[in-house]
Amino acid sequence: MFECIKIGNFKCIEDMGLKLGKATVLIGPNASGKSSILHALIMFKQLIRGTELGLSGPYMNFGKFKDVVFKHEGVESIHLELGWSRPLTYDLKEILHARECVINYLVEVNPSRLFQDLQISIDSLLIQVKGEGEHRIENKWVEPENIKFKGEDATLGVGSKNFFLFPIIIKSSVNELHKFNDFMSRIVDDIDNIYFVPISRVFQDYAVELDGKPYKDLSAEELYRRASAFLSTLSYEDEVFKKVASWMKKLFEIRVEIKPVPSEPSAPGVRRIALRTLRDERELGKGLSNEAAGILQLLYVLAQVALADKNALIMIEEPEISLHPKAQAALVDIMLEILGEGKQLLFTTHSEHILFRLLTHIAAGRLRKDDLEIYYFEKPDGVTARVSRLEVDGKGRVKGGLRGFFEHDVEELSEYLKVLSHEGASP
Numbered sequence: 002m003f004e005c006i007k008i009g010n011f012k013c014i015e016d017m018g019l020k021l022g023k024a025t026v027l028i029g030p031n032a033s034g035k036s037s038i039l040h041a042l043i044m045f046k047q048l049i050r051g052t053e054l055g056l057s058g059p060y061m062n063f064g065k066f067k068d069v070v071f072k073h074e075g076v077e078s079i080h081l082e083l084g085w086s087r088p089l090t091y092d093l094k095e096i097l098h099a100r101e102c103v104i105n106y107l108v109e110v111n112p113s114r115l116f117q118d119l120q121i122s123i124d125s126l127l128i129q130v131k132g133e134g135e136h137r138i139e140n141k142w143v144e145p146e147n148i149k150f151k152g153e154d155a156t157l158g159v160g161s162k163n164f165f166l167f168p169i170i171i172k173s174s175v176n177e178l179h180k181f182n183d184f185m186s187r188i189v190d191d192i193d194n195i196y197f198v199p200i201s202r203v204f205q206d207y208a209v210e211l212d213g214k215p216y217k218d219l220s221a222e223e224l225y226r227r228a229s230a231f232l233s234t235l236s237y238e239d240e241v242f243k244k245v246a247s248w249m250k251k252l253f254e255i256r257v258e259i260k261p262v263p264s265e266p267s268a269p270g271v272r273r274i275a276l277r278t279l280r281d282e283r284e285l286g287k288g289l290s291n292e293a294a295g296i297l298q299l300l301y302v303l304a305q306v307a308l309a310d311k312n313a314l315i316m317i318e319e320p321e322i323s324l325h326p327k328a329q330a331a332l333v334d335i336m337l338e339i340l341g342e343g344k345q346l347l348f349t350t351h352s353e354h355i356l357f358r359l360l361t362h363i364a365a366g367r368l369r370k371d372d373l374e375i376y377y378f379e380k381p382d383g384v385t386a387r388v389s390r391l392e393v394d395g396k397g398r399v400k401g402g403l404r405g406f407f408e409h410d411v412e413e414l415s416e417y418l419k420v421l422s423h424e425g426a427s428p
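Heads up: the sequence shown begins at 2 in our numbering, then just goes up one per residue.
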């Protein structure tokens, strides 16, 4: 589970740290810094995969370094730090007498310098990889050089798989050592288990070309290809399609189906598919180009959520886009199903309906208060983002209220009553 993120000198964030819950909700006015949290994690993911300091990659192109460094000035490094835990396999629990592995990964980046500090803790065992230079970890960065494994010395080196660590083969316990190697080599893969659902996710093509394969990370595809990747994946991944169809039925009382359609005359050999929505058995169905925006955007969200593996962190910008309040509340019910599958959610929202539904689930005992984190963002000086953690008790009550919502409701009601009173006083 991803447990914390620290960000420094990035966009409007000078220095900020957030504890992540199973569900983490970011609220606040427009342009207050909420999306910068999601973007920092995307930059981190692109950076670890070695793409131009993380500034340009499959998810986002941030421009130049000066475009994303705090206040667009100076040569100070951007700091990105991510902490998470990984449960040990059953075999390793027996071998190492521990329950989990705790990872902390810090990167500091500017155009002339890339610094990495990766720490892995398994009970009393601490391995650190710390150095400056290329993306690839080097042997000289590894501390300590040797560790005790089953009472014997094992030399730590840099493996070819995921540039990670592995003890050199020792005389005994070769099979157990292999299990340890396999586990260690997969740690950095956890970063690939972070998914991003951007604000641009409404596709209105009647039909798309059927690709030859499904996709795991839809937003890693170029924007013009995402509709095809999205529908092709639903065509190939039957279990994913069934899950998405089930959720759409719960939310909107509609059925979804994917059908082949005739090829274009200009491309007679190209296979094409279309997604249709149906509200009853007699209806012919609507294509994507004729469906409501709220349904379209949510199809993409739910598809990515269904595709993500257990322990994934799924980041969503404003899941409530174009949804009626009733549908927003129902979406939160589905979010609880998602959390129950061992997945994490991190999303921005301007919807009090989503927040109140989450709090209702806490009050009803369906969601633990410790599983929900709510952060309020603001820019008091118009430049630097500030964040406040909102404390929630076991009855779903927010200490101090939901900032930014009640104040506006009171202002709106006061203005409305004032208008009515003036109308009543008119001759």
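Cβ atoms here follow ideal geometry from the backbone N, Cα and C, with glycine treated the same way. Treat the numbers as computed from the prediction; the structure is a model and nothing was measured.
Which same chain residues end up closer than 8 Å to E318 when comparing Cβ atoms and leaving out the 5 residues on each side of it in sequence?
Along the sequence shown, one-based indexing puts residue 318 at 317. If we look at E318 and ignore the five residues flanking it on each side, its Cβ neighbours are S36, L39, V198, P199, I200, F348, T349.
For the segment 15-33 against the segment 52-65, do three or more pairs of beta-carbon atoms, one drawn from each stretch, fall closer than 8 Å, so that the two count as touching?
Segments in contact, no.
For V143, which residues in the same chain have their Cβ closer than 6 Å to its Cβ, ignoring the five residues on either side in sequence?
By one-based count along the sequence shown, residue 143 stands at place 142. Contacts found: V130, L157.
So for P88, helix, strand or coil by DSSP?
Walking along the sequence shown from the start, residue 88 turns up at place 87. Three-state result, P88: strand.
If you compare alpha carbons, which of E338, L97, F242, G134 is closest to G152?
In the sequence shown, the residue the question calls residue 152 occupies position 151. Nearest C-alpha to G152: L97.
So, does the CB of R390 fall closer than 8 Å to a CB anywhere in chain B?
Chain labels in this structure do not include chain B; a single protein chain is all it has.
Please indicate yes or no: does the CB of N147 lie closer than 7 Å to some heavy atom of the ligand ZN?
Absence of the ligand ZN from the depicted structure is noted, as is the absence of any ligand whatsoever, leaving it without description.
When the Cα atoms are used, what is the spatial distance from D154 to L178?
The sequence position of residue 154 within the sequence shown is 153, counting from 1. The sequence position of residue 178 within the sequence shown is 177, counting from 1. Those two C-alpha atoms are separated by around 12 Å.
Which residue marks the beginning of the beta strand (DSSP E) containing V306, and which one marks its end?
Taking the first residue of the sequence shown as 1, we reach residue 306 at position 305. Secondary structure note for V306: it is in no beta strand (DSSP E), and the uninterrupted alpha helix (DSSP H) holding it is 294-308.
Nearest-angstrom Cα distance between K149 and M17?
Taking the sequence shown and counting its residues from 1, the one referred to as residue 149 is at position 148. Taking the sequence shown and counting its residues from 1, the one referred to as residue 17 is at position 16. Each residue's Cα considered, the two are about 37 Å apart.
State the Cα-Cα distance for the pair Y433 and A221, rounded to the nearest angstrom.
The structure shown has nothing for residue 433, since the chain only spans 2 to 428.
For M316, which residues of its own chain have a beta-carbon under 6 Å away from its beta-carbon, when the five flanking residues on both sides are left out?
On the sequence shown, residue 316 is found 315 positions in, with the first residue counted as 1. Hits under 6 Å: L39, F197, L347.
Comparing alpha-carbon positions, which option in A246, D310, Q345, A386 lies nearest C5?
Within the sequence shown, residue 5 is the residue found at index 4, counting from 1. Among A246, D310, Q345, A386, the Cα nearest to that of C5 belongs to Q345.
Since G341 is in the alpha helix (DSSP H), which residue starts that stretch and which ends it?
Stepping through the sequence shown from its first residue, residue 341 is reached at position 340. Unbroken alpha helix (DSSP H) run through G341: 326-341.
For G402, is the classification buried or exposed, using 16 other Cβ atoms within 10 angstroms of its Cβ as the cut-off for buried?
For the purposes of this step, residue 402 is taken as the residue at position 401 of the sequence shown. Answer is exposed; the Cβ neighbour count stays below 16.
To which residues of the same chain is Y207 closer than 7 Å at the C-beta, ignoring the five residues directly before and after it?
Your numbering for residue 207 matches position 206 in the sequence shown. Counting only Cβ-Cβ distances below 7 Å, and skipping sequence neighbours, we find A275, G288, L289, S290.
Can you give me the Cβ contacts of K396 inside the same chain, cut-off strictly under 7 Å, excluding the 5 residues immediately before and after it?
Position 395 of the sequence shown, counted from the first residue, corresponds to residue 396. Answer for K396: A364, listed in chain order.
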